[in-house]
Structures are given as structure tokens and as C-alpha cells.
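Pasting the structure below:
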């Protein structure tokens, strides 16, 4: 399988001794769709900006198509589409002028695809970007990112702040691109429904490291929430001592622990290791798992 993105022990900080990425290592193969999750400040945007060559690695190595995205800027960017939440197109350009610029930058630009997306998004060709709604400007950015049929599409919270209709159109366009050409997609989103709809694999970042790297189907089947009665002696310490316990939250009603195992296996494991014969263990929806993990302690 062809490697599209590869991070090898990547470190990046903005303040001394405060790592944003702390030895990140992972690889993305051609055709994969990977969703990045993590609370604000977890390093998602930093990771994507490094892949785009917009930030430099301070230690380790980042490769895109086997190339250094900082050194081989033109060669990499001609093969990549990119949209971010805070991306700004020139406000004094019309939609047609923005497309003219991208048409000249990308030899693989497909005019039929661009015009089809203009019609689908109902974008006003002669309206200046500065006069467009936020949703229209974001859709124009997506159009320019995909109309040259990139081998890699990088999306950093691209649908943030869009209304449900605009988000759905945005997602459907991304999915269509993937289905038609096998484009590799690496994206971050706070919308769990978007992640579940698009991604085949999930990377969860926490405190500068990859906490979870797993296929989405495996996450649905291979993680669970264990609920223990509140007030149990040394419950938190005993649970965290288990090798496959990811986090523990102590609430007034229960002690809640996320385990990297199925519910039945977890129930049997806790009975054997801790002598807990009656433990409520159940599968976790993705959104609930995210809330438990980022709100828990480890």
C-alpha cells in the first residue's frame, strides 16, 4: 500500500518545555479517510499545518508522498487540497477570479467539476468573497480544494460554524470525491456525526500524543464504559492500575472508567482481577467516549 503521509517521532512546541506534539508517529495509506479528534489545544491543527508545510517540525520527520512538505513545497501542494476553518480567501476577488487563480496553479484542474460544484453550491460567480456568507466562502474554498482532484485532501474543522444544510453539502462533496477517485482524506472535526459518516479510522490526540489509533469499527466493538458504585474504596487507583484502562472519572453517582476491551470481556476481567462480581459494562457511542476520555483522568 502506498504511503501518503508519515509522521516519525514529530515534536512541535510554541513555548519552551510545553509540547503541542510530543513524539507523534503514525502513517496514512492511500485511500484512507482518517478523522482527528481531541479537545481544543490537543494539536490537531498543528499536525495538519505540518503536513501542509505551513509549520516546521522541531524534531522527528514529517513526509507527504515521501517528500518534505517544507522543502518540496510546490510538488507537495500541487497534489494536496486544503480547507481550514479560519482560511481566508481574498475578500475583493469574485468567485470567478478565485477560481482563475487556482486554475493557473493546478495543471490537473477540471473545469467541468468546478462548474458543477458552482451550480450545486449555488455560488454567485460575480459576487466578491467579502460579500459572501460564511457558508458560501467555505464552499468556494472547498470547490478550489477539490476541483483539481487532489491525491490528498486535508480539512481542518472545515464545516465549523456552518448550518446543517451547508455541512451536509460539504460532507457529500468530500465523500463523492473519495468514492470517485480514492482520494486520501485527513480531517479534524468536533462533529462526531461527521467523523462517523466519513472516517474509516480515528486518531485521538491527548496531551501531545496519540491516545487512540484505531479503525472506527474496532472502536465501536472494542471499547466500553464500566460503571462502579460511588464511594467504593480505592476504586480510582484500582481501575487505573489495570493495563487497558484509559481513564477514570469520579462522579457523585458512579465511578466511570473507559476500557479498551469489549463489554463482556471487561466485566469478566474486573471480576477476576478486582473481585467485582456485578459491574455495569456497556459499549460506548463515539461522542460519549470522547466526552469520557477528555474529561477523565489518567
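In the numbering used here, the protein residues as written are 4 to 301.
Each residue gets a CB set at the ideal place from its N, CA and C atoms; glycine is no exception.
| query | result |
| --- | --- |
| Looking at the structure shown, is residue 283 part of a helix, part of a strand, or coil, going by DSSP? | strand |
| So residue 288 packs on residue 227, CB below 8 Å; how close in whole Å? | Actually they are not in contact, since the Cβ atoms of residue 288 and residue 227 sit about 11 Å apart, beyond 8 Å. |
| Would a C-beta distance cut-off of 9 Å place residue 143 and residue 124 closer than the cut-off? | yes |
| So is residue 301 buried or exposed if we call it buried at 16+ other beta carbons inside 10 Å? | Here the model assigns residue 301 a pLDDT of 44, short of 50, so the residue's position is not dependable, and the following value carries that caveat. By the neighbour-count rule (16 or more Cβ atoms within 10 Å), residue 301 is not buried but exposed. |
| Taking three-plus beta-carbon pairs below 8 Å as touching, is the segment 145–157 in contact with the segment 82–99? | yes |
| Across which residues does DSSP place residue 14 in a beta bridge pair? | 25 and 62 |
| Where does residue 272 land, buried or exposed, given buried means 16+ other C-beta within 10 angstroms? | buried |
| Are the CB atoms of residue 195 and residue 96 nearer to each other than 9 Å? | no |
| Would you decide whether residue 176 is buried or exposed? Buried here means 16 or more other CB atoms lie within 10 Å of its CB. | buried |
| Residue 180: which of 201, 255, 38 and 257 sits nearest, CA to CA? | 201 |
| Can the beta-carbon of residue 188 be found closer than 9 Å to that of residue 37? | yes |
| Going by Cα to Cα distance, which pick from 210, 203 and 158 is closest to residue 20? | 210 |
| Could you tell me the alpha carbon to alpha carbon distance between residue 168 and residue 238, rounded to whole angstroms? | 46 Å |
| What are the boundary residues of the alpha helix (DSSP H) that residue 81 is part of? | Per DSSP, residue 81 belongs to no alpha helix (DSSP H) and is neither H nor E. |
| With 16 other CB atoms within 10 Å as the buried threshold, where does residue 65 fall? | buried |
| For residue 207, which three-state DSSP category applies? | strand |
| By how many angstroms is the C-alpha of residue 56 removed from the C-alpha of residue 71? | 8 Å |
| Any idea if residue 92 is buried or exposed, counting beta-carbon neighbours within 10 angstroms, 16 or more meaning buried? | buried |
| Please report the straight-line C-alpha distance between residue 53 and residue 106, rounded to a whole angstrom. | 25 Å |
| Cβ of residue 295 within 9 Å of Cβ of residue 284? | no |
| Based on DSSP bridge pairs, tell me the residues matched to residue 191. | 39 and 159 |
| Could you tell me the boundaries of the alpha helix (DSSP H) in which residue 144 lies? | 137–149 |
| Nearest-angstrom Cα distance between residue 248 and residue 73? | 39 Å |
| What did DSSP end up calling residue 242 once you bin it into helix, strand or coil? | helix |
| Going by beta carbon distance, what residues of the same chain come within less than 8 Å of residue 18, once the five residues before and after it are set aside? | none |
| Are at least three pairs of beta-carbons, each pair with one atom in the segment 38–52 and one in the segment 133–147, less than 8 Å apart? | no |
| Check this for me: beta carbons of residue 25 and residue 14, under 9 Å apart or not? | yes |
| Bridge partners for residue 111 per DSSP, in chain order? | According to DSSP, residue 111 bridges with nothing at all. |
| Taking the alpha carbon of residue 213 as the point to measure from, which residue in 94, 27, 115 and 186 has its own alpha carbon closest? | 27 |
| For residue 198, collect the residues of the same chain with a Cβ closer than 6 Å to its Cβ; drop the 5 residues on either side in sequence, then sort them by chain order. | 38 and 192 |
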